[in-house]
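First up is the structure itself, then whatever we jot down about it.
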């Protein structure tokens, strides 16, 4: 399975009210957040350090879950 980001949209709406406010709270643009919502597949080297740190903090705070690369075992 590809690495991807799962957003807890209900918790985000409850705590922030809107996605632009959520993005601003983590210091990233709404455009970056919107892109990841629409394209959740996540490759670390294609994300800037600032955005990577923001997503790590979001994960620690419980708003997103970064699903790591899952490889199928060889038979």
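In the numbering used here, the protein residues as written are 758 to 832. For every residue, glycine included, the Cβ atom is placed at its ideal position computed from N, Cα and C. Since this is a predicted model, take the numbers as computed values, not measurements.
On the DSSP bridge list, what partners appear for residue i?
i           : result
residue 763 : 822
Can you give me the C-alpha to C-alpha distance between residue i and residue j, rounded to a whole angstrom?
i           : j           : result
residue 770 : residue 776 : 7 Å
residue 773 : residue 817 : 16 Å
residue 822 : residue 760 : 10 Å
residue 819 : residue 767 : 12 Å
residue 808 : residue 825 : 17 Å
residue 787 : residue 778 : 8 Å
Closer than 7 Å to a non-hydrogen atom of the ligand ZN - does that hold for the CB of residue i?
i           : result
residue 765 : For the structure depicted, the ligand ZN is absent and the ligand set is empty, with no information on it obtainable.
For this session: Just list the alpha helix (DSSP H) runs in the segment 771 to 805, keeping only unbroken ones of 4 residues or longer that don't cross its boundaries, in chain order.
Result: The segment 771 to 805 contains these whole alpha helix (DSSP H) runs: 776 to 782, 787 to 795.
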